[in-house]
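What follows is one structure encoded as structure tokens, with my remarks underneath.
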Amino acid sequence: MRRLYDLCGRDEELRFSPYCWRAKMALAHKGLDVETVPTPFLGVAAIEPNVVRTVPVLDDHGVRVRDSFDIALHLEHAYPDRPRLFSTDGGLAAARFMESWAFAALHGPVMRLIIVDIHDQLDDPDQAYFRKSREARLGKTLEEAQADAGAAIEELSQALAPIRRTLEYHHWLGGAEPLYVDFIPFGTLMWLTVIHGHLPLPPEDPVASWFSRCLDLNGGLARRAKVAA
Ligand SMILES: N[C@@H](CCC(=O)N[C@@H](CS)C(=O)NCC(=O)O)C(=O)O
35 MRRLYDLCGR DEELRFSPYC WRAKMALAHK GLDVETVPTP FLGVAAIEPN
85 VVRTVPVLDD HGVRVRDSFD IALHLEHAYP DRPRLFSTDG GLAAARFMES
135 WAFAALHGPV MRLIIVDIHD QLDDPDQAYF RKSREARLGK TLEEAQADAG
185 AAIEELSQAL APIRRTLEYH HWLGGAEPLY VDFIPFGTLM WLTVIHGHLP
235 LPPEDPVASW FSRCLDLNGG LARRAKVAA
């Protein structure tokens, strides 16, 4: 039995976590079936009390793996004969850089676009938890943190410049084929897309075309995702 604990909203079908999207894309890339377990924020600690603090968590036939990057590493080592997630050690190192870069460069502008909207998609107990924990972290209210959408979109578009430029050289961030290095920023942009309803970039933007290609991967797994109305 293979299970992935996957963050959900009030509507259990609304799956928006950037890290869970990375894990789901990695599993699908390996061609592995998985049952996703809809998990609200307040359900995370119950997965394994005092051990688990975040999702995704993968339970792979009794082997429990926390952290999206560790899940990708586990899948690469456990299923070496399936399509590769990291082509080389250098590819793995580049993916590590992408993980840090995406967090530093993209998560801020995305948060400024959707933090109130995330809150509004949660069930009542999760709303109270999310507001308290995020406002303590940010030192401001969610409403203060969510900036004017136009400015946040512009900020995001500028932050995406390194991805836009890389895509001038090859079709995927992984090179000729998609790799985990693609699924990292893709997960971040799925977070935005699921909550915002669509990706707020013009279709002619190379990042939007690459995102659309990612949506088509693995039989259109992410294209079928429910997005907020
Ligand atoms: N480094 C972790 C980060 C995972 C993470 O931050 N997950 C968030 C959801 S997007 C979470 O579970 N948060 C729990 C909480 O805020 O209580 C990973 O890559 O899996």
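In this note's numbering, the protein residues as written are 35 to 263. Each residue gets a CB set at the ideal place from its N, CA and C atoms; glycine is no exception.
> Buried or exposed: which applies to leucine 172, given that a residue is buried once 16 or more other Cβ atoms fall within 10 Å of its Cβ?
Replying inline: For this step, residue 172 is matched to residue 138 along the sequence shown. With fewer than 16 other Cβ atoms within 10 Å, it is exposed.
>> Rounded to whole angstroms, what is the Cα-Cα separation between glycine 208 and alanine 139?
In response: Mapped onto the sequence shown, residue 208 falls at position 174. Mapped onto the sequence shown, residue 139 falls at position 105. Distance between the alpha carbons of glycine 208 and alanine 139 is about 19 Å.
>> So, at 6 Å on beta carbons, what are the nonlocal neighbours of threonine 222 in its own chain, with the 5 sequence-adjacent residues on each side left out?
In response: Counting from 1 along the sequence shown, the entry for residue 222 is found at position 188. Around threonine 222: Pro52, Ala136 and Leu140.
> Just curious, the alpha helix (DSSP H) that glutamate 133 is in, first and last residue?
Replying inline: In the sequence shown, the residue the question calls residue 133 occupies position 99. Note, glutamate 133: alpha helix (DSSP H), 123-135.
> Since tryptophan 206 sits in a beta bridge, which residues does DSSP pair it with?
Replying inline: Your numbering for residue 206 matches position 172 in the sequence shown. DSSP, once it has assigned bridges, lists Gly209 as partnering tryptophan 206.
> Quick one, which of Ala262, Asp101, Gly254 and Val261 has its alpha-carbon nearest alanine 62's?
Replying inline: Position 28 of the sequence shown holds residue 62. Selected option, being the one with the closest Cα: Gly254.
>> Here's a check: name, in chain order, each residue in its chain whose Cβ is nearer than 7 Å to the Cβ of phenylalanine 217, leaving out the five neighbours to either side.
In response: The residue labelled residue 217 in the question sits at position 183 within the sequence shown. Excluding positions up to five away in sequence, the list reads Arg56, Met59 and Ala60.
> Do the segment 72-92 and the segment 229-245 meet, that is, are 3 or more Cβ pairs less than 8 Å apart?
Replying inline: no
> Beta carbon of arginine 168, beta carbon of leucine 176: below 8 Å?
Replying inline: Reading the sequence shown from its first residue, position 134 is the one you call residue 168. Reading the sequence shown from its first residue, position 142 is the one you call residue 176. Closer than 8 Å, so yes.
>> Can you tell me whether glutamate 169 is helix, strand or coil according to DSSP?
In response: As a working note, residue 169 is residue 135 in the sequence shown. It is helical.
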